[in-house]
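Data block below; observations after.
Chains as they are written, first to last, in the working numbering: chain L, 1278 to 1492; chain Z, 5 to 185.
Here is the structure:
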């Protein structure tokens, strides 16, 4: 399944997902503590450096920023007008958030979904003492990734069937069959998993390695 | 959690993604599009209950954070979650949990009115309680503007709660999945 990941041969792409996510948190914290324009400048420079180092197409990546910048301009514009904050402050605030969104987007574009999912699995493993089971989480994430195209297809199919029968405005006629289908699928998939020897009680460290090699 | 619970959580997380493939209805003057995805949050709560519903929505949010373009309009990634409207998405796991918790207590039958009330409280109130302060904190939008701006989505959300109630009642009537399974 295709993510937002854009492959390039670069140092940034090779960095582990944890380092990138940690770095993002660190830079965000620094930007939010640095006063005004300094934070914006620091984040902007970091963003530009990462963008260049990752060898991503600058035009495409920056085009992704247009929507949030327009949104932020509207939000802060309203604020500047109403609260009399002045345009300099508004511009700095927009620049800060635009830079942070750019950095977050770069993390997403340079990190494979599977690497990010593995990282989440390890992070959730830290919650094992409070009863969180990372192996089950990993299995559910893998299943969800597999099911998404299937469910998208189901939604489309049911909608088309209803349209053909002229009952597309009858909401119960749209969602009840869809949900019944999903719940029936759940029984079949459970049977399939158990037939292949999946045992939810047996989910220690061994199961973790199993799911990650299968992915 | 049984194997079936795992599968149900994964399926409903995938349903949230599937509902995102329906084209969003832009309102033009506001940054948050109207999507069918909060309907999926309400359905996860009313049909799966608190724990499984909450986990289903959490799986979805994790996959968005991991970089899958699952939000309506093919958006995804950490940038969107950290952006001005991120709070509306980050609150979904809590919203599904609260919807399910209320449903387990007050709407265990096929009464659509109760299911509607539960969907409104969990699926609208909780989502706004997460999204509006986020708009205020992250985007610095004055709180009253954030509240007024969000009001534009209430009619659409009420319709979604109605759909969730009718659909959940239909599934309950079919007797396929009792909420305390």
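For every residue, glycine included, the Cβ atom is placed at its ideal position computed from N, Cα and C.
Predicted, not measured: the structure shown is a model, and the values here were computed from it.
>> Tell me the rounded alpha-carbon separation between residue 80 of chain Z and residue 159 of chain Z.
In response: For the purposes of this step, residue 80 of chain Z is taken as the residue at position 76 of the second chain. For the purposes of this step, residue 159 of chain Z is taken as the residue at position 155 of the second chain. Straight-line Cα distance between these residues: approximately 26 angstroms.
> Identify the residues that DSSP records as bridge partners of residue 79 of chain Z: which are they?
Replying inline: The sequence position of residue 79 of chain Z within the second chain is 75, counting from 1. BP columns for residue 79 of chain Z point to Z/75.
> Pairing CB atoms from the stretch 99–107 of chain Z with CB atoms from the stretch 1415–1426 of chain L, are three or more of them under 8 angstroms?
Replying inline: In short, these stretches do not touch, since the Cβ pair count stays below three.
> What residues from chain L crowd round residue 118 of chain Z, counting only those whose CB sits closer than 8 angstroms?
Replying inline: To locate residue 118 of chain Z, count along the second chain from 1; it is residue 114. Taking a Cβ-Cβ threshold of 8 angstroms, none of the residues of chain L is close to residue 118 of chain Z; the smallest such distance is about 17 angstroms.
> If you compare alpha carbons, which of L/1474, L/1472, L/1468, L/1299 is closest to residue 1381 of chain L?
Replying inline: Working through the first chain from its first residue, we reach residue 1381 of chain L at position 104. Checking every option, the nearest Cα to that of residue 1381 of chain L belongs to L/1299.
>> Would you say the beta carbon of residue 1437 of chain L is closer than 7 angstroms to some non-hydrogen atom of the ligand FAD?
In response: Summarising the ligand content, the structure contains no ligands, and the ligand FAD is consequently not present.
> Near residue 1458 of chain L, what residues of its chain come up, given a Cβ to Cβ distance below 8 angstroms and the 5 sequence neighbours on each side ignored?
Replying inline: Start at 1 with the first residue of the first chain, and residue 1458 of chain L comes out as number 181. Contacts found: 1431, 1435.
> Nearest to residue 1379 of chain L by alpha carbon, out of L/1475, L/1455, L/1321, L/1370?
Replying inline: If you number the first chain from 1, residue 1379 of chain L lands on position 102. Residue L/1321 is the option with its Cα nearest to residue 1379 of chain L.
>> Tell me the rounded alpha-carbon separation between residue 111 of chain Z and residue 1464 of chain L.
In response: As a working note, residue 111 of chain Z is residue 107 in the second chain. As a working note, residue 1464 of chain L is residue 187 in the first chain. Approximately 24 angstroms between the Cα atoms of the pair.
>> Considering just the uninterrupted stretch of the alpha helix (DSSP H) at residue 93 of chain Z, what are its terminal residues?
In response: To locate residue 93 of chain Z, count along the second chain from 1; it is residue 89. Counted as a single uninterrupted DSSP element, the alpha helix (DSSP H) harbouring residue 93 of chain Z occupies residues 90–94.
> Going along chain L, which residues have a C-beta under 9 angstroms from residue 123 of chain Z?
Replying inline: As a working mapping, residue 123 of chain Z is identified with position 119 in the second chain. Within 9 angstroms Cβ-Cβ: nothing; residue 123 of chain Z doesn't reach chain L, min ~13 angstroms.
>> Given this structure, state the Cα-to-Cα distance separating residue 1403 of chain L from residue 1396 of chain L, to the nearest angstrom.
In response: Reading the first chain from its first residue, position 126 is the one you call residue 1403 of chain L. Reading the first chain from its first residue, position 119 is the one you call residue 1396 of chain L. Their Cα atoms are separated by approximately 11 angstroms.
>> Distance check for residue 1318 of chain L and residue 63 of chain Z, CA to CA, integer angstroms please.
In response: As a position in the second chain, residue 63 of chain Z is number 59, starting the count at 1. As a position in the first chain, residue 1318 of chain L is number 41, starting the count at 1. Inter-residue distance for residue 63 of chain Z and residue 1318 of chain L is about 35 angstroms (C-alpha atoms, whole angstroms).
> Got a sec: is the Cβ-Cβ distance from residue 73 of chain Z to anything in chain L below 8 angstroms?
Replying inline: The sequence position of residue 73 of chain Z within the second chain is 69, counting from 1. For residue 73 of chain Z, the answer is yes, since a Cβ of chain L falls inside 8 angstroms of its Cβ.
> DSSP three-state call for residue 87 of chain Z: helix, strand or coil?
Replying inline: Reading the second chain from its first residue, position 83 is the one you call residue 87 of chain Z. Assigned with DSSP and collapsed to three states, residue 87 of chain Z falls in coil, not helix or strand.
>> Strictly under 8 angstroms for the Cβ-Cβ distance: is residue 6 of chain Z near chain L by that measure?
In response: As a working mapping, residue 6 of chain Z is identified with position 2 in the second chain. Answer yes: the Cβ-Cβ gap between residue 6 of chain Z and chain L drops below 8 angstroms somewhere.
> If you draw a straight line from the alpha carbon of residue 29 of chain Z to that of residue 1473 of chain L, how long is it in whole angstroms?
Replying inline: Residue 29 of chain Z sits at position 25 when you count from the first residue of the second chain. Residue 1473 of chain L sits at position 196 when you count from the first residue of the first chain. Note that residue 29 of chain Z scores a pLDDT of 47, beneath 50, so its modelled location is shaky; the value from the coordinates is reported in the next line. Taking the CA atoms as reference points, residue 29 of chain Z sits about 43 angstroms from residue 1473 of chain L.
> So which residues of chain Z does residue 1381 of chain L contact, with C-beta pairs closer than 9 angstroms?
Replying inline: As a working mapping, residue 1381 of chain L is identified with position 104 in the first chain. Ordered by position in chain Z, the residues that pass the 9 angstroms Cβ test against residue 1381 of chain L are 81, 82, 83, 84, 85, 86, 87.
>> I'd like the ranges of any alpha helix (DSSP H) spanning at least 4 consecutive residues and lying wholly in the stretch 105–135 of chain Z.
In response: Those alpha helix (DSSP H) runs which fall completely within the stretch 105–135 of chain Z and span 4+ residues are 116–123.
> Taking C-beta to C-beta, are residue 1331 of chain L and residue 1289 of chain L nearer than 8 angstroms?
Replying inline: Mapped onto the first chain, residue 1331 of chain L falls at position 54. Mapped onto the first chain, residue 1289 of chain L falls at position 12. For residue 1331 of chain L and residue 1289 of chain L, yes; Cβs fall inside 8 angstroms.
> Could you give the uninterrupted runs of the alpha helix (DSSP H) lying entirely in the stretch 1285–1325 of chain L, keeping only those of 4 residues or more?
Replying inline: Fully enclosed alpha helix (DSSP H) runs of no fewer than 4 residues occupy 1288–1291, 1294–1310 of the stretch 1285–1325 of chain L, in order along the chain.
> Any Cβ of chain L within less than 8 angstroms of the Cβ of residue 94 of chain Z?
Replying inline: Along the second chain, one-based indexing puts residue 94 of chain Z at 90. False, the Cβ-Cβ gap to chain L never drops below 8 angstroms.
>> residue 48 of chain Z and residue 40 of chain Z - do their beta-carbons sit closer together than 8 angstroms?
In response: Along the second chain, one-based indexing puts residue 40 of chain Z at 36. Along the second chain, one-based indexing puts residue 48 of chain Z at 44. Taking 8 angstroms as the Cβ cut-off, residue 40 of chain Z and residue 48 of chain Z do not qualify as a contacting pair.
> Is residue 56 of chain Z helix, strand or coil by DSSP?
Replying inline: As a first step, residue 56 of chain Z is located in the second chain; it is residue number 52 there, counting from the start. Correct three-state label for residue 56 of chain Z: helix.
> Counting contacts by CB-CB distance shorter than 8 angstroms, is residue 31 of chain Z in contact with chain L?
Replying inline: The residue you call residue 31 of chain Z lines up with position 27 of the second chain. Its pLDDT being 44, under 50, residue 31 of chain Z is placed unreliably in this model, and the value from its coordinates should be taken loosely. No, residue 31 of chain Z lies away from the interface with chain L (no Cβ there is under 8 angstroms from its Cβ).
>> What does the Cβ neighbour count give for residue 1410 of chain L, buried or exposed, with the cut at 16 atoms within 10 Å?
In response: Translated into positions along the first chain, residue 1410 of chain L becomes position 133. Buried: at least 16 other Cβ atoms inside 10 Å.
>> Against chain L, does residue 22 of chain Z count as a neighbour if the rule is that its beta carbon must be under 8 angstroms from one of theirs?
In response: Here residue 22 of chain Z refers to the residue found at position 18 when the second chain is read from its first residue. A Cβ of chain L is located within less than 8 angstroms of the beta carbon of residue 22 of chain Z.
>> Taking a contact to mean a Cβ-Cβ separation below 8 angstroms, would you say residue 14 of chain Z touches residue 1424 of chain L in this structure?
In response: Taking the first residue of the second chain as position 1, residue 14 of chain Z is located at position 10. Taking the first residue of the first chain as position 1, residue 1424 of chain L is located at position 147. Result yes, Cβ atoms of residue 14 of chain Z and residue 1424 of chain L sit closer than 8 angstroms.
> Within this structure, are the beta carbons of residue 1282 of chain L and residue 1390 of chain L separated by less than 8 angstroms?
Replying inline: On the first chain, position 5 is the one that residue 1282 of chain L refers to. On the first chain, position 113 is the one that residue 1390 of chain L refers to. Taking 8 angstroms as the Cβ cut-off, residue 1282 of chain L and residue 1390 of chain L qualify as a contacting pair.
> Rounded to a whole number of angstroms, what is the C-alpha to C-alpha distance between residue 72 of chain Z and residue 114 of chain Z?
Replying inline: Counted from its first residue, the second chain places residue 72 of chain Z at position 68. Counted from its first residue, the second chain places residue 114 of chain Z at position 110. Between the C-alpha atoms of residue 72 of chain Z and residue 114 of chain Z there is a straight-line separation of about 35 angstroms.
>> Taking 8 angstroms as the threshold (beta carbon to beta carbon), is residue 1334 of chain L in contact with chain Z?
In response: Here residue 1334 of chain L refers to the residue found at position 57 of the first chain. Closer than 8 angstroms: no.
>> Quick check: the Cα distance between residue 1522 of chain L and residue 25 of chain Z, rounded to an integer number of angstroms?
In response: In this structure chain L extends from 1278 to 1492, so residue 1522 of chain L is not present and cannot be described.
> Straight-line CA distance for residue 122 of chain Z to residue 16 of chain Z?
Replying inline: Counting from 1 along the second chain, the entry for residue 122 of chain Z is found at position 118. Counting from 1 along the second chain, the entry for residue 16 of chain Z is found at position 12. Distance between residue 122 of chain Z and residue 16 of chain Z, taken at the CA atoms: about 18 angstroms.
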